[in-house]
Every structure is written in structure tokens, then in C-alpha cells.
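J.: All letters in the sequence shown, in the order written, are residues 185 to 345 by the numbering used here.
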Amino acid sequence: MVTEISKLLESFAPREEGNAVWVRVPLEEAPRIWQELRELGYDYLAAISGVDWPDRGVIELVYHLWSLQEKFFVHLKVEVPRDQPRLPSACHIWGGSAAVNEREVHEMFGVEFQDNPDLSPLFLEDWEGPPPFRKDFDWRTYVREKYYREDGEEDRGYYKG
């Protein structure tokens, strides 16, 4: 692991694997760590992944950060409470890459990113249901209610079951 990164993350027990390190940081520390990683050359936010953990009451976000110079990934895990999933935006650090990834996570998991100027729908323009990537989302019921008539006949042909 790159020396400066090692010093920055050592108190969070990072796990190194090949050309990457995985580390979990507390929510309140995340904005500071993001900024410091950016200053250390982690100039590309490749993605933000979301994992819903209803049994633990959290949504885990994984920030996949890449250094073009070092050719090294940092996968930074941050947990937000499932009942009030919100955290600061990283738009001021990684610009458009953060903006579009935050829009997707907002849409699919219901996470609010404070100070993100545009959390409008990215994929689900006419969506009326709950966040579809949460584990308590019942897609079968949603499809039956959305695409079947009351007499049980298919209305739009999307679901047979």
C-alpha cells in the first residue's frame, strides 16, 4: 500500500489485496478521508456501490476510488442508518462522477446526499414505488399491482407468474 495512504487509514484496520485496499470508516470521518484521499491523488471516483443490510439496520456504501498515478484502488466503506440514510455529498471533491453515482444510489437505495444539487431520477423516470434495491422491496407485488388489471389479466404483458 502506498505509504501516505497507509498512514491515513491505519487506524481503520485496512485490508490490502493486490493493487487495492479495503477499509471501513465511520460516517462522521468519511468527508475528511475523501478529501485527504483526493489530495493524495485519488482523482477518480469509479463508482459508489450500495448494499442493504436490513438485519443490521444500515445501508453500506462502497466508494471505489482510483489513483491514475499510483494505479491503486481504495475501496472505502461507509455505513448510513437505514431509517435515515443520509450523508454529505462528495460532489465538491469528485464533481460529475460523484454527482451521477449519488443520483443512482439515491434512486435505488433512497440515500440522501446533502448538498448534491441534483438528485432527480436517473433511470426510473416514472417510478412510484419504494427504492427498488432495498431488500424489503417486493418486486412481485409491485409488478402485479402495476401491470395487471383487477380481473387478473395482463395489462401490459410484463409478468407471467
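All C-beta atoms, glycine included, are put in the ideal place defined by N, C-alpha and C. Quick caveat: nothing in here was measured; it's all calculated off a predicted structure.
If you follow the alpha helix (DSSP H) that residue 247 is part of, which residue opens it and which one closes it?
T.: Here residue 247 refers to the residue found at position 63 of the sequence shown. Residue 247 -> not in any alpha helix (DSSP H); beta strand (DSSP E) instead, spanning 242-251.
J.: Indicate the three-state DSSP secondary structure (helix, strand or coil) for residue 233 in the structure shown.
T.: Locating residue 233 in the sequence shown gives position 49, where the first residue counts as 1. Here residue 233 sits in strand by DSSP.
J.: If the criterion is Cβ atoms closer than 9 Å, does the pair residue 280 and residue 254 meet it?
T.: One-based indexing of the sequence shown puts residue 280 at position 96. One-based indexing of the sequence shown puts residue 254 at position 70. Cβ distance not < 9 Å, so residue 280 and residue 254 don't count as in contact.
J.: Which residue marks the beginning of the alpha helix (DSSP H) containing residue 192, and which one marks its end?
T.: Looking up residue 192 in the sequence shown gives position 8. Here the alpha helix (DSSP H) through residue 192 covers 187-193.
J.: How close, in whole Å, do the beta carbons of residue 209 and residue 262 come, if the pair is a contact with beta carbons under 8 Å?
T.: Walking along the sequence shown from the start, residue 209 turns up at place 25. Walking along the sequence shown from the start, residue 262 turns up at place 78. Between residue 262 and residue 209 the Cβ distance is about 6 Å, and since that is below 8 Å, they are a contact.
J.: Roughly how many whole angstroms lie between the Cα atoms of residue 260 and residue 332?
T.: Mapped onto the sequence shown, residue 260 falls at position 76. Mapped onto the sequence shown, residue 332 falls at position 148. So the two alpha carbons sit approximately 42 Å from each other.
J.: Looking at the secondary structure, which residues open and close the beta strand (DSSP E) in which residue 204 lies?
T.: Within the sequence shown, the letter at position 20 stands for residue 204. Taken as a continuous stretch (DSSP letters only), the beta strand (DSSP E) holding residue 204 covers 204-208.
J.: Can you tell me the Cβ-Cβ gap for residue 264 and residue 295, rounded? I've got them flagged as a contact below 8 Å.
T.: Start at 1 with the first residue of the sequence shown, and residue 264 comes out as number 80. Start at 1 with the first residue of the sequence shown, and residue 295 comes out as number 111. That pair is a contact at about 6 Å.
J.: Would you call the segment 234-243 and the segment 201-217 in contact, with 3 or more CB pairs under 8 Å?
T.: Taking 8 Å as the limit for Cβ pairs, the verdict is that the segment 201-217 does not touch the segment 234-243.
J.: Just the Cα atoms here: how many angstroms apart are residue 195 and residue 244?
T.: By 1-based counting over the sequence shown, the position of residue 195 is 11. By 1-based counting over the sequence shown, the position of residue 244 is 60. The alpha-carbon atoms of residue 195 and residue 244 are separated by roughly 20 Å.
J.: Compute the Euclidean distance between the alpha carbons of residue 307 and residue 241, then round it to the nearest angstrom.
T.: On the sequence shown, residue 307 is found 123 positions in, with the first residue counted as 1. On the sequence shown, residue 241 is found 57 positions in, with the first residue counted as 1. Going by the C-alpha atoms only, they are around 26 Å apart.
J.: For residue 323, count the other beta carbons within 10 Å of its own beta carbon; 16 or more makes it buried, fewer makes it exposed. Which is it?
T.: Position 139 of the sequence shown, counted from the first residue, corresponds to residue 323. Label assigned to residue 323: exposed.
J.: Name the residue from 305, 283, 310, 256 whose alpha carbon lies nearest to the alpha carbon of residue 297.
T.: Along the sequence shown, one-based indexing puts residue 297 at 113. Looking at the Cα atoms, 283 is the closest of the given residues.
J.: So, using beta-carbon positions, are residue 252 and residue 220 closer together than 9 Å?
T.: Residue 252 sits at position 68 when you count from the first residue of the sequence shown. Residue 220 sits at position 36 when you count from the first residue of the sequence shown. No; because the gap between Cβ atoms is not below 9 Å, this pair is not in contact.
J.: Given a threshold of 16 other Cβ atoms within 10 Å of its Cβ, counted over all protein chains shown, does residue 291 qualify as buried or as exposed?
T.: The residue given as residue 291 occupies position 107 in the sequence shown. It counts as buried.
J.: Between which two residues does the alpha helix (DSSP H) harbouring residue 289 extend?
T.: For the purposes of this step, residue 289 is taken as the residue at position 105 of the sequence shown. It spans 275-293 - the alpha helix (DSSP H) in which residue 289 sits, taken as one unbroken run.
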